[in-house]
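Colleague: Residues 66 to 578 (this note's numbering) are what the sequence shown spells out, left to right.
Got a structure here, written out as structure tokens. Questions coming.
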Amino acid sequence: MRSRTKAIALVKPLKKMVVPITCGILASIVLNTSAIAQTQGKPVSIPGLESLPLPGMNLSFVSNFEQLFNPNSSSGNANNEPVTTWITLDGRNLFQIAASSREDLSKRVEDIQPRLQTISQKHFQSGSQEVEVKVQRQFVTNQQGLQVTYPDIYVNGQRLLTVTDLDAKVQGENDPQDVARKLRQSLEQDLKIAKQERQPPYLLRQGAVASGVFFSVIICSWGVRRWQKRLQSRTTISTATVSPTDSVTTQLTQQQHQNLQEARQRLFQAAQALIWGGGTLVILSLFPYTRIIPVWILTVLFKVPAIRIPSLVGIVTLGTYVAIRLSYVLIDRFTTALANNSLLGVQDSYVRLQLRVMTISAVTKGIATFGGVGIGILFALSTLGVNLAPVLAGAGLIGVGISLAAQSLIKDAINGFLIIVEDQYAVGDVINVGDVGGMVENLNLRITQVRDGEGRLITIPNSEIKTVANLSSRWSRVDLQIPIAYDTDIDRAMNLIDTIGLEMDRDPKWQEP
Numbered sequence: 066m067r068s069r070t071k072a073i074a075l076v077k078p079l080k081k082m083v084v085p086i087t088c089g090i091l092a093s094i095v096l097n098t099s100a101i102a103q104t105q106g107k108p109v110s111i112p113g114l115e116s117l118p119l120p121g122m123n124l125s126f127v128s129n130f131e132q133l134f135n136p137n138s139s140s141g142n143a144n145n146e147p148v149t150t151w152i153t154l155d156g157r158n159l160f161q162i163a164a165s166s167r168e169d170l171s172k173r174v175e176d177i178q179p180r181l182q183t184i185s186q187k188h189f190q191s192g193s194q195e196v197e198v199k200v201q202r203q204f205v206t207n208q209q210g211l212q213v214t215y216p217d218i219y220v221n222g223q224r225l226l227t228v229t230d231l232d233a234k235v236q237g238e239n240d241p242q243d244v245a246r247k248l249r250q251s252l253e254q255d256l257k258i259a260k261q262e263r264q265p266p267y268l269l270r271q272g273a274v275a276s277g278v279f280f281s282v283i284i285c286s287w288g289v290r291r292w293q294k295r296l297q298s299r300t301t302i303s304t305a306t307v308s309p310t311d312s313v314t315t316q317l318t319q320q321q322h323q324n325l326q327e328a329r330q331r332l333f334q335a336a337q338a339l340i341w342g343g344g345t346l347v348i349l350s351l352f353p354y355t356r357i358i359p360v361w362i363l364t365v366l367f368k369v370p371a372i373r374i375p376s377l378v379g380i381v382t383l384g385t386y387v388a389i390r391l392s393y394v395l396i397d398r399f400t401t402a403l404a405n406n407s408l409l410g411v412q413d414s415y416v417r418l419q420l421r422v423m424t425i426s427a428v429t430k431g432i433a434t435f436g437g438v439g440i441g442i443l444f445a446l447s448t449l450g451v452n453l454a455p456v457l458a459g460a461g462l463i464g465v466g467i468s469l470a471a472q473s474l475i476k477d478a479i480n481g482f483l484i485i486v487e488d489q490y491a492v493g494d495v496i497n498v499g500d501v502g503g504m505v506e507n508l509n510l511r512i513t514q515v516r517d518g519e520g521r522l523i524t525i526p527n528s529e530i531k532t533v534a535n536l537s538s539r540w541s542r543v544d545l546q547i548p549i550a551y552d553t554d555i556d557r558a559m560n561l562i563d564t565i566g567l568e569m570d571r572d573p574k575w576q577e578p
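Spelled out as structure tokens, the structure:
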């Protein structure tokens, strides 16, 4: 009962661990959500940032921020649909433009974005808060040679862009004039807001908010760190109070603590990274001069293949590692309960119990590791956009080939595992298997080795063991024949045998170990 109570008590740190980690992760999610909410749908566009050497990425053509979390998303498709992107200011979307191809879209962005930067800078440096946005008609000759009119948008007397039919189409309008009228109103409001955000009162207010966020991050980080130290001290105390005489349960509980501490350590590290990373993104997103940085960071993480792929693989690897470690904790819990129950019923077969329990634990952990790694690989491939159907089909064919080539090894392992779990025999038992018999000297998942009466070491594959006779399991009986002379007094001989038997029973050399 004592061992069972200790085994149950040692599992309690797993439940206690959930509270601080959950608080840290939830706080980080709130912080990250706040940062994303302020930059939702905002592609990266900042002067000088487009010139950074980022392989596989042109920051001028990053579409809606929501697409950052879907590596397969695109602003256009192969069915002659227009491709789109956003024109931005201070990391915020102002309006969407479209073109028939990515090359044409690139030219429009390179034409409109610098104009917007120039217009906004002049507006910020001016003393007026008002913005003058006008719509003027421009006559253009289309591909059929017909003259059509398109609205031009002018801001403070400078031309910004021409609204096209594709711009109207992607916004669900039939007439570009309707889009131009909406755009005129939104541009006035957006430029006013952008200038207000550069005024000292707004910056001071945001600075106070940033200070509050910073102190919140420090408090959350300190709280997670304190919980971590408290759980580590409890784990040390619990390990020290385990009785050294309970060897099987001691090994299992020590393994349980090691696996639990390892998983907990990684979760605490991830929580700290989320707290500080999320807090930094929130603070940067509060100011117009730095709001583009968190969007740029997330864009690089989710859009640049050279960074996105290792990042996703690293996250999946960390999650798989923690999941495997936690599965080890559950396995150790199960085997500890199994050991305690077995100890209650079998006090005279400690070595046999230790072999069974540790073998069950090792085999189950191996299966959990193999399954966890396999699921992690499939999840990583799925996250990277790989079609899993051919992968699973190929893995199935490989599995069939391996199973056919290693049938005997698989049979040996399965039968060996069942021999140990069912306690058919253990090291030190005397057994008979067919025509072979002797003392078991070695037992693993593949083979059983016995030493016969002539001193020969015989190796038997476990798959060949069908029927086994255990001559020494728990108790045994010997049919001993004692020859006596014909003229011996039978009653006296029987009394002598009884006397010697009682003396042997009291002799310490003949006592059970």
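We put the CB at the ideal spot given by N, CA and C, even for glycine.
Just so you know, these numbers come straight off a predicted model, no measurement behind them.
1. Can you tell me whether S426 is buried or exposed, with buried defined as 16 or more other CB within 10 angstroms of its CB?
2. How should Y215 be labelled, buried or exposed, when 16 other C-beta atoms within 10 angstroms of its C-beta is the threshold for buried?
3. Expressed to the nearest angstrom, what Euclidean distance is found between the alpha-carbon atoms of R516 and S537?
4. Assuming A458 is part of the alpha helix (DSSP H), what are its boundary residues?
5. I'd like the list of long-range same chain contacts for D232, defined as Cβ closer than 8 Å, with 5 residues on each side in sequence excluded.
6. Mind checking who F160 pairs with in its DSSP beta bridge?
7. Can you give me the Cβ contacts of Q323 inside the same chain, cut-off strictly under 6 Å, excluding the 5 residues immediately before and after it?
8. Within 10 Å of its beta-carbon, does K294 have 16 or more other beta-carbons around it, so buried, or fewer, so exposed?
9. Whose C-beta lies closer than 6 Å to the C-beta of Y393 among residues of the same chain, with five residues either side of it excluded?
10. Between which two residues does the beta strand (DSSP E) holding Q223 run?
11. In angstroms, rounded to a whole number, what distance separates the CA positions of Q178 and L351?
12. Do L349 and A259 have their CB atoms nearer than 9 Å?
13. Taking contact to mean 3 or more Cβ pairs, one atom from each stretch, closer than 8 Å, check whether the stretch 538 to 547 and the stretch 504 to 513 are in contact.
14. Could you give the distance in angstroms between the alpha-carbon of Q190 and the alpha-carbon of T364?
15. Locate the beta strand (DSSP E) running through T355, then write down its first and last residues.
16. Below 8 Å on the Cβ atoms is my guess for V495 versus I523; work out the distance and round it to an integer in Å.
17. Start and end of the beta strand (DSSP E) containing L599?
18. Are V381 and G441 touching if we call contact CB-CB under 9 Å?
19. At what residues does the alpha helix (DSSP H) containing G503 begin and finish?
20. Count the other CB atoms, across all protein chains shown, that sit within 10 Å of the CB of V278; report buried if there are 16 or more and exposed otherwise.
21. Are the CB atoms of V360 and A275 nearer to each other than 9 Å?
22. Would the beta-carbon of I357 fall within 9 Å of that of L366?
23. Could you give the first and the last residue of the continuous alpha helix (DSSP H) run that contains V601?
24. Span of the alpha helix (DSSP H) holding Q546?
25. What are the residues that DSSP puts in a beta bridge with P216?
26. Could you pull out every residue in the same chain whose Cβ sits closer than 8 Å to the Cβ of I562, ignoring the five residues on either side in sequence?
27. Quick check on N239: does DSSP put it in helix, strand or coil?
28. Just how far apart, CA to CA, sit P370 and A445?
29. In the DSSP assignment, the alpha helix (DSSP H) including T581 goes from what residue to what residue?
30. Rank L395, Q254, S281 and W287 by C-alpha distance to the C-alpha of Q321 and give the top, closest one.
31. I need the DSSP call for T532, collapsed to helix, strand or coil.
32. Considering just the uninterrupted stretch of the alpha helix (DSSP H) at R516, what are its terminal residues?
33. Please return the same chain residues whose Cβ sits closer than 8 Å to the Cβ of I389, not counting the five positions on each side in sequence.
34. Let me know the secondary structure DSSP gives V196 once reduced to three states.
35. Alpha helix (DSSP H) containing E568: first to last residue?
36. Taking its Cβ as the centre, do 16 or more other Cβ atoms sit within 10 Å of G450, making it buried, or is it exposed?
Modeller: This is what the structure holds:
1. Answer is buried; the Cβ neighbour count reaches 16.
2. Y215 comes out buried.
3. Going from the Cα of R516 to the Cα of S537 covers about 15 Å.
4. From DSSP, the alpha helix (DSSP H) with A458 extends over L453 to A470.
5. These residues qualify, in order along the chain: Q161, I162, A163, P241 and V244.
6. Residue pairing of F160 in beta bridges, as defined by DSSP: I152.
7. For Q323, where only same-chain residues beyond five positions count, there are no Cβ hits under 6 Å.
8. Exposed: under 16 other Cβ atoms inside 10 Å.
9. So the list reads N324 and K430, once near-sequence residues are dropped.
10. Q223 to T227 is the span of the beta strand (DSSP E), which, as asked, contains Q223.
11. Roughly 23 Å separates the two Cα atoms.
12. 9 Å or more divides the Cβ of L349 from the Cβ of A259.
13. Cβ pair count under 8 Å is below three, so no.
14. Q190 and T364 have their C-alpha atoms roughly 30 Å apart.
15. Note, T355: premise wrong, no beta strand (DSSP E); not H, not E.
16. Going by Cβ atoms, the distance from V495 to I523 rounds to 13 Å, so no, they are not a contact pair.
17. In the structure as shown, the chain begins at 66 and stops at 578. Residue 599 is therefore absent and cannot be evaluated.
18. Cβ distance < 9 Å, so V381 and G441 count as in contact.
19. G503 -> not in any alpha helix (DSSP H); beta strand (DSSP E) instead, spanning V501 to L508.
20. Within a 10 Å sphere around the beta-carbon of V278 sit 16 or more other beta-carbons, which makes this residue buried.
21. Contact flag unset, no.
22. It is not a contact, given that the beta carbons lie outside the stated cut-off.
23. This structure cannot speak to residue 601, because the chain is shown only from 66 to 578.
24. Per DSSP, Q546 is not a residue of any alpha helix (DSSP H), being assigned neither H nor E.
25. Secondary-structure assignment with DSSP links P216 through a beta bridge to R202.
26. So the list reads I547, once near-sequence residues are dropped.
27. N239 falls in the coil class under three-state DSSP.
28. Roughly 14 Å separates the two Cα atoms.
29. No answer is possible for residue 581: it lies beyond the span of the chain, which begins at 66 and ends at 578.
30. The closest CA to that of Q321, considering only L395, Q254, S281 and W287, is found on L395.
31. T532 sits in coil when the DSSP states are folded into three classes, being neither helix nor strand.
32. That residue, R516, is in no alpha helix (DSSP H); its beta strand (DSSP E) goes I512 to R516.
33. When the five nearest sequence neighbours on each side are left out, the beta carbons in the same chain lying within less than 8 Å of the beta carbon of I389 are those of A433, T434, G437 and V438, in order along the chain.
34. Secondary structure at V196: coil, using DSSP grouped into helix, strand and coil.
35. Element bounds for E568: I555 to R571.
36. Under this definition G450 is an exposed residue.
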